[in-house]
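The numbering used here puts the first residue of the sequence shown at 11, with every later residue one more than the last.
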Amino acid sequence: MSKIKWIKASQILDSRGKPTIKVKIELESGIKAEASVPSGASTGSREALEMRDHVKGIDRKSEDYDGYGVKKAVENVNNEIAPDLIGFIKKNKLDVKDQDKIDQFMIALDGTPNKSRLGANAILGVSLACARVAALENDIPLYDYIAQQDKAVCKKYNRKYDEKELSVRRMPCPMANVINGGSHAENNVDMQEYMVAPYGAKDFHEAIHMVFKVFWRLKEALHRDGHSTGVGDEGGFAPNLSSNEEPLKYILEAITEAKYKAGEQVFITMDPASSEFYNQKEHRFGNRYSLSDQEDLITSEKMIKLYAQLLEDYPEIFSIEDGLAESDWAGWMEMNKQLGKKIQLVGDDLFVTNKVILERGIKEGSANAILIKLNQIGTLTETLETIAYARENGYNIVISHRSGETCDPFIADLAVGVNSGQIKTGSICRSERICKFNRLLEIEDELTDKFGKKPPFGIY
Ligand code: PGA
Ligand code: ZN
11 MSKIKWIKAS QILDSRGKPT IKVKIELESG IKAEASVPSG ASTGSREALE
61 MRDHVKGIDR KSEDYDGYGV KKAVENVNNE IAPDLIGFIK KNKLDVKDQD
111 KIDQFMIALD GTPNKSRLGA NAILGVSLAC ARVAALENDI PLYDYIAQQD
161 KAVCKKYNRK YDEKELSVRR MPCPMANVIN GGSHAENNVD MQEYMVAPYG
211 AKDFHEAIHM VFKVFWRLKE ALHRDGHSTG VGDEGGFAPN LSSNEEPLKY
261 ILEAITEAKY KAGEQVFITM DPASSEFYNQ KEHRFGNRYS LSDQEDLITS
311 EKMIKLYAQL LEDYPEIFSI EDGLAESDWA GWMEMNKQLG KKIQLVGDDL
361 FVTNKVILER GIKEGSANAI LIKLNQIGTL TETLETIAYA RENGYNIVIS
411 HRSGETCDPF IADLAVGVNS GQIKTGSICR SERICKFNRL LEIEDELTDK
461 FGKKPPFGIY
């Protein structure tokens, strides 16, 4: 394996037109690769720090890119991480495929618990670029390289590793976000994501075809009723609707119009992202949820009741993510007690891909699934550690994009590499979402050619 020749970061734009970071790397063999880092809008407060140039106390609009620039993070890569990491690798006779040591080195170099000195965006860019260039140098697909790293992480941390399941690559079922609300759209829907998930598909190609049919039938239904069919940040439609329930009615109609059986072939999943409407107006009896279609501010108990009712009315709902807020631990425990046997309850802002926070959730019985976002934690290795720990504890895994994305399809390979069984990467609209789906279509073809049959699909 050859040594790293150079690492260079630069500032590019994400799908919202805001700056983000791209890292390029070249090995002495001449092999080059790059990776870019996404960015959230409804971020969890315990996420690793995304470093931006904004100086506190200064009017944003007087700054370059209104303070959203990532020049500091770029400089941190170019002036500190790159020279120090290259030196560390040389001195210790390592090479670029020592992902664990590379990531641990950057974590130590940063020296803070949330990567706030160098920036999680700076560190993640380097971590992912290293993985990609190592896969190229080894002449193996990135998903296979990630699978090897997954196995190595399980071995190092003594995590259960199901050889039979994990040595075969599995395609993830997409959760396609067809109606956007909350912080991802300018409409009046409070809940952030209404998704369709074709768990009943036999393979990924069929799953995408099913999403296509539902997406277009949904567009027609919205258009028929005079609603806007403009899209939100994740490529789903963003109409103004009369309640947070109405998107479910439209999606159900679209599934039926597409001639699929809802709840058998195509399911509904939701991400209310409820931290975004929690505690907005503090109530004298404590924190409350504020939904525009409810008369009053409501408690966790009422939120759980509301979900229980939705599940009665829409048994096609398979999964609810962030149904309660990131700080509402007692509420999560109760919600999991009441609903966790019926549906998948995914912690996103709750766990922020952080193994230590997930430990609490597992101890308290908070949920039964975790959303995985690389930039919530900031290195590939830590992400794999969290996945291994979640898997060992029987949690479902959902690999996820961010609402601000680039055309880097890294998460497609991540989902296949760890056999997550599920991926959330937006609607079948907007190129920064489509590129992940296209990469997955390509991977499925590649695996089919290699093994002479379609790879397994969906949750195992
Ligand atoms: P974000 O949203 O990327 O804006 O944080 C995605 C999600 O909540 O799942
Ligand atoms: Zn979420």
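Just so it is clear, CB atoms sit at the ideal spot from N, CA and C, and this is done for glycine as well. Quick caveat, the model's predicted, so the values are computed rather than measured.
The alpha carbon of T416 has as its nearest neighbour, out of S25, V65, L368, S310, the alpha carbon of S25. Cα atoms of A130 and E263: separation of roughly 42 Å, rounded to the nearest angstrom. For T279, the enclosing beta strand (DSSP E) starts and ends at 277-281. Placement of the Cβ of A283 at a distance of less than 6 Å from at least one heavy atom of the ligand ZN is found. Taken through DSSP and simplified to helix, strand or coil, S310 comes out as helix. According to the DSSP assignment, P184 belongs to the beta strand (DSSP E) that extends over 183-190. Around the Cβ of P123, a 10 Å sphere holds fewer than 16 other Cβ atoms; the residue is exposed. Under the 8 Å Cβ criterion, the stretch 272-292 counts as touching the stretch 47-57, having at least three qualifying pairs. Only buried fits N254, as 16 or more other CB atoms lie within 10 angstroms of its CB. The residues D213, T458, in chain order, have a CB closer than 6 Å to that of K464 in the same chain once the five nearest residues on each side in sequence are set aside. For L37, the uninterrupted beta strand (DSSP E) segment begins and ends at 29-37. Counting only residues of its own chain and dropping the five nearest sequence neighbours on each side, K107 has a CB closer than 6 Å to the CB of M11, A144.
Rounded to whole angstroms, the separation of the alpha carbons of A83 and L320 is 44 Å.
The residue from K269, I17, G210, K125 with its alpha-carbon nearest to that of I99 is I17.
Judged by DSSP in its simplified three-state form, Q354 adopts strand.
Judged by beta-carbon spacing, E244 lies beyond the 7 Å limit of I278, meaning their Cβ atoms are not closer than that value.
Remark: the shortest separation between the CB of D358 and any heavy atom of the ligand ZN falls under 6 Å. Taking 6 Å as the cut-off, the C-beta of A248 does not count as close to any heavy atom of the ligand PGA. Under the DSSP assignment, L23 falls in the beta strand (DSSP E) whose first and last residues are 14-23. With a contact defined as Cβ atoms closer than 8 Å, T391 and V221 miss out at about 32 Å. A residue is called buried when at least 16 other Cβ atoms come within 10 angstroms of its Cβ; A211 meets this threshold and is buried. The DSSP-derived three-state label of L381 is strand.
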